[in-house]
Each structure stands twice: as structure tokens, then as C-alpha cells.
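Asker: The following block contains the structure, expressed as C-alpha cells.
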Ligand SMILES: [Zn+2]
């Protein structure tokens, strides 16, 4: 494993480190060619020069320390420190995929979640006193009542509903891309199983009852702190009847007539790809028509 997650920072001779620097939804990167970027690899003295806030060590990559931090873009106004040329810029974290080695995309997602936790839990939610970061694990502890706050993970289901070689895809009200359709997703509520969540979400959003729920795979999704748990389910009964608070439109699509869909970096894209492959081959590991 080149990347090791740890909260324990060893005394090291390395004077340089990788910096995952965030500002709102963007990450600070160095342009290495027209379409490629890299994660800034600075001397640690840059923490002072760039006035980084919320600096948090979160692991090592090939024994090089990795930090996440926050910056106010105004702090980058001229004159830039000499090390920074015009090749440095902010890009949206989502758009990092495909522009960087997948391992750095993955680390950036982890960095973002550690960053959010470190910033968002500076005060105790129970008594309001400040928290301090523990040195032996990613946890913040209240100085007064000792309540401990770990990085938050919000489980969400995402489901491909299949009916007669068709897949149910919907356009959500909050999708950033207004033309895009995707499989249905929703957060798990306290007290319910993942399968119950699948049934509830599908019924609430499109009025359809599903059966034969099968696990597909999972994906950490750092926008902001989801663990996406993918399923495939079969239509049992009901016609599409959308919840207009969440869904603009929803339809059944065949594999050769798909609308704009998410890329394969997202588990949504992988689920739809799975459906497409199933319906272009005679072999079927999951025959939803039975
Ligand atoms: Zn407290």
C-alpha cells in the first residue's frame, strides 16, 4: 500500500509534504500539462507562507506526509510566494477525476472528508466547549465533557431498478447537470436496514414496489461524506408516479437508448454500465425477467 491512513505523525526528515488544500468545493492543484494536474508537493514552510488554516495530517503516500488544509483564495493574491507560478489553480473537486492518477483522486476524497470533520467538529455539540484533535486517531474530543467526534460517514443506498430489460432512470431536482438521468439514491434512516431503505426510497420517489434486492458494490463518495451502497432490484408492481419535491422526471430506458448518464467514476455509472452489459450479452448473471 503506497497510501497509509494514519493520524500518528512520525518524526520525519522529510521537509516536503503533499498538501490537499481546499476552498469551498475546490482543490488547489498544479497544472502539469494541458489536461493533467498534480497535488502540490511543497516544503512545510509553505503552511506559513500561504496562511493555511485547519492544517491536519492524515497519512503518508510513499512515506511522504500528507496534509489537508483550508485556504482563503484572497491569501493567494499577489505577490505569490516564489515557489508558486501561474501553473497553480483551483479546480472543482469533482472535476479532478480523469485529470490525475486515480490514487490521488482517491486520496483527495479521503482528504476532503478528514478536512470537513476537522473543521466542522471544533466545538462540542453537547456542551459547546472547544474540542481538541487526538494524536493517536482521527478523533476530536471535548475538553470539558470528553465526548468524542469521529469523521462522519452518511450511508446512502443507490439502486438500479430493472423491468423487462429496461432500467429506471430519473432526473433529480438537485442534479448539477440538468440533462442527466441516473439511478435512484437516498440516505439510510435510523432504525432501517439497507434493504428496507431501498424499498422505501424507491417507493417514495417513484411509487414503485421492488423485490429481489441484490448487493452490487459500494463506494466512498466525498460530496460531502457519503458511503454509497449499490443494489440491483427488480420491479414488482406499480407505475411510475414521481415525488415532485425530488424528481423532475423518471422513465424506463432500454440499453441501446440511454439518456445522458453519470461517468463510470461514480457507482451510479457502474450500475448503468452493468445493466448495459447484461443486455448486450446472452449470458446473464442476474435475469430480472424471472
Ligand atoms: Zn462537551
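Residue numbers (this note's numbering): -9 to 280. Glycine residues also receive a C-beta, built at the ideal position from the N, C-alpha and C atoms.
Does DSSP put residue 202 in a helix, a strand or coil?
Answerer: Correct three-state label for residue 202: strand.
Asker: Please confirm whether any heavy atom of ligand 2 lies closer than 8 angstroms to the CB of residue 124.
Answerer: In terms of ligand content, the structure shown lacks ligand 2 and carries ligand 1 instead.
Asker: May I have the straight-line CA-CA distance separating residue 107 from residue 130, to the nearest angstrom?
Answerer: When rounded, the distance between both Cα atoms is 9 angstroms.
Asker: When a residue counts only if its C-beta is closer than 6 angstroms to some heavy atom of ligand 1, which residues count, in chain order?
Answerer: Those satisfying the condition are, in chain order, 114, 116, 117, 119, 132, 134, 135, 137.
Asker: DSSP beta-bridge partners for residue 158?
Answerer: DSSP lists 242 as partners of residue 158.
Asker: In the DSSP output, which residue or residues are listed as bridge partners for residue 149?
Answerer: In DSSP, residue 149 forms a bridge with 174, 221.
Asker: Closer than 7 angstroms by C-beta to residue 68: which residues in its own chain qualify, once you throw out the five before and the five after it? Chain order, please.
Answerer: For residue 68, the pLDDT reaches just 49, beneath the cut-off of 50, and the residue's location in the model is therefore unreliable, although a value from the coordinates is still provided. Result list for residue 68: empty, nothing under 7 angstroms.
Asker: Using a Cβ distance threshold of 8 angstroms, determine whether the stretch 19 to 31 contacts the stretch 88 to 97, with at least three qualifying pairs required.
Answerer: Because the criterion of three Cβ pairs below 8 angstroms is met, the stretch 19 to 31 and the stretch 88 to 97 touch.
Asker: Here's the rule: buried if 16 or more other CB atoms are within 10 angstroms of the residue's CB, otherwise exposed. What is residue 138?
Answerer: The residue is exposed, with fewer than 16 neighbouring Cβ atoms inside 10 Å.
Asker: How far does the alpha helix (DSSP H) with residue 100 in it reach, from first residue to last?
Answerer: Unbroken alpha helix (DSSP H) run through residue 100: 92 to 110.
Asker: What distance in whole Å lies between the Cβ atoms of residue 83 and residue 60, which are believed to be in contact at a cut-off of 8 angstroms?
Answerer: At roughly 13 angstroms, the Cβ-Cβ gap does not stay under 8 angstroms, so residue 60 and residue 83 are not in contact.
Asker: In its own chain, which residues sit with a C-beta less than 7 angstroms from the C-beta of residue 2, not counting the 5 before and 5 after it?
Answerer: Excluding positions up to five away in sequence, the list reads 55.
Asker: Would you say residue 212 faces chain C, with C-beta separation under 9 angstroms as the test?
Answerer: Among the chains of the structure shown, chain C does not appear; only one protein chain is present.
Asker: If I follow the unbroken alpha helix (DSSP H) through residue 250, where does it start and stop?
Answerer: No alpha helix (DSSP H) contains residue 250, which DSSP labels as neither H nor E.
Asker: Can you give, in chain order, each stretch of the alpha helix (DSSP H) that sits fully within the stretch -5 to 62 and has at least 4 residues?
Answerer: You should have 36 to 39.
Asker: Three or more C-beta pairs under 8 angstroms: does that hold for the stretch 115 to 131 against the stretch 237 to 247?
Answerer: No, because fewer than three Cβ pairs between the stretch 115 to 131 and the stretch 237 to 247 fall closer than 8 angstroms, the two stretches do not touch.
Asker: Could you tell me whether the stretch 247 to 259 touches the stretch 164 to 179, where touching means 3 or more Cβ pairs closer than 8 angstroms?
Answerer: Touching, yes, given that three or more Cβ pairs across the two stretches are closer than 8 angstroms.
Asker: Which residue marks the beginning of the alpha helix (DSSP H) containing residue 193, and which one marks its end?
Answerer: Note, residue 193: alpha helix (DSSP H), 184 to 196.
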